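Quick notes on the structure that follows.
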Amino acid sequence: MLFGKKNIKDIFNDTLESIRNFLLTEKFREFLIFSFFVAISFGFWMLQTLDGVFQTEFSIPLRLKSVPKDVIITSELQDEVRVKVEDRGTVLLNYMLGRSFLPVSIDFADYDNTSSSRVLLPSADLRKRVSSQLNSTTKLLSVSPDSVGFVYSRGDFKKVPVSVSGNIVPAMQYYVSDLKLSPDSVIIYAPAEVLRNIQTAYTMPLDCGNISENTSLRTSFKKIDGVKYDPQFCDVLISIDMYSEKTVDVPVVGLDFPPNKTLRTFPSKVKVTFKVGLSDYSSVDASDFLIGVKYSDVSNSGKDHVSLVATTTNPAVSNIRVTPSSVDYLIEETIKIPR
């Protein structure tokens with residue numbers, strides 16, 4: 020069924036007429052009278068209730084002003100203080116709904132002391148500044164924190180390296196192949212007596228366990244009272260690689276043998292099995308290992324076999340196993356015949 024403009028107008032007029040008729044009924048007038056008396060009763064109840072004594076908490080902003088350009092605030096200063104007060108309900112309602120408090124201002128010049136870089140606003144001074152904004156009937160019960168302070172530096176700074184703290188544990192058969200920090204050093208601002216004792220900027224403790232893929236995260240630095248870091252964050256890139264096992268044939272050589280003595284071993288080559296990451300697998304070969312026999316081990320030995328010494332200069336290699344671990348040997352001596 021289609022509605023034309025005339026039909027829509029008729030429906031609207033009928034609805035409006037129904038509403039008008041309802042508003043003129045006796046029941047609606049009784050509802051209005053009942054609502055009026057309920058509102059009056061609620062108003063009297065509120066006035067009686069708010070006339071009692073109550074306690075409440077609210078916050079007042081805290082501001083530091085007149086800081087010289089050569090001064091750097093190196094500690095965190097609270098943005099606000101929490102105050103607990105007691106008064107009649109009507110006064111407290113005025114605080115919460117109709118009255119805004121001015122910030123408690125701390126003038127740097129009032130507390131600037133060349134003999135100390137730490138400033139503490141006494142509790143009595145803080146309560147006095149808060150009380151000045153309260154009505155005379157209001158009782159100040161507590162201020163939290165009860166004292167505020169800050170640490171500053173007059174341009175003292177130094178650059179220190181960044182180091183990761185915490186635990187980084189790769190999953191089984193994985194290892195940490197690389198650890199990159201960005202930045203790898205930071206500027207720290209602090210009073211001179213604090214700077215002298217800081218050599219490294221440590222990150223907040225990391226807790227990375229059972230990781231099997233490259234992981235990137237952002238962390239802040241360990242908090243030290245009176246120290247400000249620039250920048251305040253460090254990006255940590257943990258590169259993870261998977262272990263693989265590889266075996267190469269390496270010749271056995273004599274170590275520290277005299278020029279006139281030559282070592283012969285049986286076998287002349289041994290198998291070296293080791294763990295290496297997949298990314299370095301193809302780059303590691305026999306030339307990265309030195310498998311030898313020390314002359315000191317055979318010079319005074321009556322045995323016909325000797326244990327092998329295995330070394331490598333490649334940091335990507337670990338868990339080296341040599342097969343066999345000992346070999347039979349023969350020492351040939353070259354005798355020079357005088358002419």
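Positions 20 to 358 (this note's numbering) are the ones given, in order, by the sequence shown. Every residue gets a Cβ at the ideal spot worked out from N, C-alpha and C, and that includes glycine. Computed from a predicted structure; not experimentally measured.
Between phenylalanine 120 and arginine 101, what straight-line distance do the alpha-carbon atoms span, to the nearest angstrom? Their Cα atoms are separated by approximately 12 Å.
Host beta strand (DSSP E) of methionine 115 (start-end): Careful: methionine 115 lies outside any beta strand (DSSP E), inside the alpha helix (DSSP H) at 108–116.
With H, G and I counted as helix, E and B as strand and the rest as coil, what does DSSP make of alanine 190? Alanine 190: coil per DSSP, three-state reduction.
Looking at C-alpha atoms only, which residue of Ser124, Thr157, Cys253, Ser345 is the closest neighbour of valine 181? Residue Cys253 is the option with its Cα nearest to valine 181.
Keeping to the same chain, check which residues put their C-beta closer than 6 Å to that of threonine 330; ignore five residues upstream and five downstream. So the list reads Leu309, once near-sequence residues are dropped.
Using the DSSP secondary-structure output, state which residues sit across from proline 270 in a beta bridge. Residue pairing by DSSP places proline 270 opposite Lys288 in a beta bridge.
By the DSSP assignment, the beta strand (DSSP E) with valine 86 in it spans what residues? Element bounds for valine 86: n/a, residue is neither H nor E.
Apart from the five residues on each side of it in sequence, which residues of its chain come closer than 7 Å, Cβ to Cβ, to proline 343? Here the set comprises Val289.
At least three beta-carbon pairs within less than 8 Å, the segment 273–293 to the segment 231–249: In short, these stretches do not touch, since the Cβ pair count stays below three.
Taking the alpha carbon of glutamate 105 as the point to measure from, which residue in Glu95, Leu96, Ser161, Ser124 has its own alpha carbon closest? When each option's Cα is compared against that of glutamate 105, the closest is Ser161.
Contacting residues, own chain, Cβ-Cβ under 6 Å from arginine 340 (five flanking each side not counted): Result list for arginine 340: Thr292, in chain order.
Exposed or buried, histidine 50, counting other C-beta atoms within 10 Å across all chains shown (16 or more means buried)? The sequence shown places phenylalanine at residue 50, rather than the histidine named in the question. Counting Cβ neighbours within 10 Å, phenylalanine 50 comes out exposed, since fewer than 16 surround it.
Does DSSP classify lysine 147 as helix, strand or coil? Of the three classes helix, strand and coil, the one that applies to lysine 147 here is helix, per DSSP.
Decide yes or no for the touch test of the segment 270–279 against the segment 210–228: beta carbon pairs closer than 8 Å, at least 3 of them. Taking a cut-off of 8 Å on C-beta distances, the segment 270–279 does not touch the segment 210–228, as fewer than three cross pairs fall below it.
Under 8 Å by Cβ, that's how I've got valine 269 and valine 336 pegged, so tell me the actual separation to the nearest angstrom. About 12 Å separates the two Cβ atoms, so there is no contact after all.
Residues near glutamate 99 by beta carbon distance below 8 Å, same chain, minus five either side: Closer than 8 Å at Cβ, skipping near neighbours: Ser78, Ile79, Pro80, Leu81.
Rounded separation between tyrosine 130 and valine 170 - CA only: So the alpha carbons of these two residues sit roughly 11 Å apart.
Around the Cβ of glycine 185, are there at least 16 other Cβ atoms within 10 angstroms (buried) or fewer (exposed)? Exposed: under 16 other Cβ atoms inside 10 Å.
Any chance the segment 140–159 sits against the segment 182–202, with 3 or more Cβ pairs inside 8 Å? Output reads no: the segment 182–202 does not touch the segment 140–159.
Just tell me which of Ile91, Ser235, Phe55 has its CA closest to the CA of aspartate 249. Selected option, being the one with the closest Cα: Ile91.
Between the alpha carbons of isoleucine 350 and valine 328, how many angstroms are there, rounded? Straight across, the Cα-Cα distance linking isoleucine 350 with valine 328 is about 17 Å.
Given a cut-off of 7 Å on the beta-carbon distance, is the pair serine 172 and alanine 209 in contact? Contact flag set, yes.
Less than 7 Å separating the beta-carbons of asparagine 229 and serine 258? Serine 258 is positioned such that its CB atom lies no closer than 7 Å to that of asparagine 229.
Report buried or exposed for methionine 20, applying the criterion of at least 16 other Cβ atoms within 10 angstroms of its Cβ. Residue placement at methionine 20 cannot be trusted, given a pLDDT of 46 that sits under 50; what the coordinates show is reported in the next sentence. Result: exposed.
Would you call lysine 199 buried or exposed, if buried means 16 or more other Cβ atoms sit within 10 Å of its Cβ? With fewer than 16 Cβ atoms within 10 Å of its Cβ, lysine 199 is classed as exposed.
Going by C-alpha to C-alpha distance, which of Thr266, Asn319, Lys46 sits closest to serine 306? Residue Thr266 is the option with its Cα nearest to serine 306.
Would you mind working out which of Asp347, Tyr300, Ser298 sits nearest serine 320, comparing C-alpha positions? For serine 320, the nearest C-alpha among the options comes from Asp347.
C-alpha distance - phenylalanine 22 paired with threonine 34, whole-angstrom precision: Low confidence applies here, because phenylalanine 22 scores a pLDDT of 49, under 50, leaving its location unreliable; read the following figure in that light. Approximately 16 Å between the Cα atoms of the pair.
Short CB-CB distance (under 7 Å) between lysine 177 and chain B: In the structure shown, chain B cannot be found, because there is only a single protein chain.
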